[in-house]
Amino acid sequence: MTAEICVFPLACRIGKIRAVATNLMGSRSEKQSKAYRHQITAGLIAQMEKVGIPPLDQAERIFEFWAAVHTEISKRVEGAA
């Protein structure tokens, strides 16, 4: 008998998404933004590896997370206009 790990979807981690969006919007340079995105991605991958999520599934979940961050930033920019 094998067990399947069911992980809470990254795209539903609203608090994390909002915090990342806030930090990205406050970045002073593209270099700083890129380093922050890399740091966040590495942390998320490390969490998923720790619980045994296969690399192919990791990539899909990371993509969904960053899409949600992009959506959050777009909402804030449109709301500010």
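The sequence shown maps to residues -14 to 66 in my numbering. For each residue, glycine too, the CB sits at the ideal point set by N, CA and C.
Query - Nearest neighbour of S12, chosen from A65, M33, I58 and F48 [CA to CA] - result: With distances taken between Cα atoms, S12 lies closest to I58.
Report task. Go ahead and label M10 buried or exposed: buried means 16 or more other beta carbons lie within 10 angstroms of its beta carbon, across all protein chains shown. Result -> exposed
Query raised in the report: Taking the alpha-carbon positions, what's the K35 to V(-8) distance?
Result: 12 Å
Query raised in the report: Is the distance from the Cβ of I30 to the Cβ of Q17 below 8 Å?
Result: no
Query - T7: first and last residue of the uninterrupted alpha helix (DSSP H) it sits in - result: I(-1) to M10
Report task. Measure the beta-carbon distance from V54 to V5 and round it to whole angstroms, keeping in mind my assumption that it falls under 8 Å. Result -> 5 Å
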